[in-house]
(Lines of atoms letter the chains of each structure in order from A; the text may use other names.)
(Lines give C-alpha, C1' and ligand atoms only; values in the text may rest on other atoms or scores of the structure.)
Protein backbone atom coordinates (compact mmCIF):
# COMPACT_ATOMS: atom_id res chain seq x y z
CA UNK A 20 0.00 0.00 0.00
CA UNK A 21 2.59 2.56 1.12
CA UNK A 22 6.29 2.65 1.86
CA UNK A 23 7.46 3.72 5.27
CA UNK A 24 8.66 2.62 8.66
CA UNK A 25 6.36 0.22 10.46
CA UNK A 26 5.09 1.46 13.82
CA UNK A 27 2.11 -0.69 14.81
CA UNK A 28 -0.61 -3.09 13.72
CA UNK A 29 -4.24 -2.22 14.30
CA UNK A 30 -6.77 -5.04 14.59
CA UNK A 31 -9.79 -4.05 12.48
CA UNK A 32 -11.60 -7.36 13.06
CA UNK A 33 -10.68 -10.94 13.93
CA UNK A 34 -9.70 -11.44 10.27
CA UNK A 35 -8.29 -8.04 9.23
CA UNK A 36 -5.06 -6.42 10.47
CA UNK A 37 -3.73 -3.05 9.30
CA UNK A 38 -0.06 -1.97 9.55
CA UNK A 39 0.54 1.74 10.15
CA UNK A 40 3.47 4.13 10.33
CA UNK A 41 4.07 6.68 13.13
CA UNK A 42 1.60 9.13 11.55
CA UNK A 43 -1.15 6.52 11.19
CA UNK A 44 -0.68 6.10 7.43
CA UNK A 45 -1.65 2.63 6.21
CA UNK A 46 1.37 0.60 5.09
CA UNK A 47 -0.43 -2.68 4.47
CA UNK A 48 -3.49 -4.78 5.17
CA UNK A 49 -3.48 -8.46 6.11
CA UNK A 50 -6.63 -10.52 5.58
CA UNK A 51 -6.56 -13.80 7.47
CA UNK A 52 -8.31 -16.78 5.87
CA UNK A 53 -9.16 -14.67 2.81
CA UNK A 54 -10.87 -17.57 1.04
CA UNK A 55 -13.36 -17.70 3.93
CA UNK A 56 -13.67 -13.94 4.58
CA UNK A 57 -13.91 -12.44 1.09
CA UNK A 58 -16.69 -13.55 -1.23
CA UNK A 59 -15.40 -14.68 -4.63
CA UNK A 60 -11.72 -14.58 -3.53
CA UNK A 61 -9.65 -16.82 -5.79
CA UNK A 62 -6.09 -17.41 -4.54
CA UNK A 63 -5.05 -18.28 -8.12
CA UNK A 64 -6.15 -14.78 -9.25
CA UNK A 65 -5.94 -12.54 -6.14
CA UNK A 66 -7.13 -9.36 -7.88
CA UNK A 67 -10.16 -7.86 -6.19
CA UNK A 68 -11.38 -4.43 -5.20
CA UNK A 69 -12.44 -2.98 -1.88
CA UNK A 70 -15.04 -0.27 -1.74
CA UNK A 71 -15.69 1.94 1.25
CA UNK A 72 -19.15 2.05 2.72
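In the working numbering, the protein residues as written are 20 to 72.
Beta carbons are placed, not taken as given, at the ideal position from N, Cα and C, and that holds for glycine.
For residue i versus residue j, is the C-beta spacing smaller than 8 Å?
{"i": "residue 48", "j": "residue 34", "result": "no"}
Let me check understanding here. Comparing Cα to Cα, which of the options lies closest to residue i?
{"i": "residue 41", "options": "64, 57 and 28", "result": "28"}
{"i": "residue 22", "options": "32, 30, 43 and 36", "result": "43"}
{"i": "residue 32", "options": "53, 60, 64 and 24", "result": "53"}
**Study point:** Every unbroken beta strand (DSSP E) within the region 33 to 66, with a cutoff of 3 residues, ordered by chain
**Key:** Counting whole runs of 3 or more residues, the region 33 to 66 contains the beta strand (DSSP E) stretches 35 to 39 and 45 to 50.
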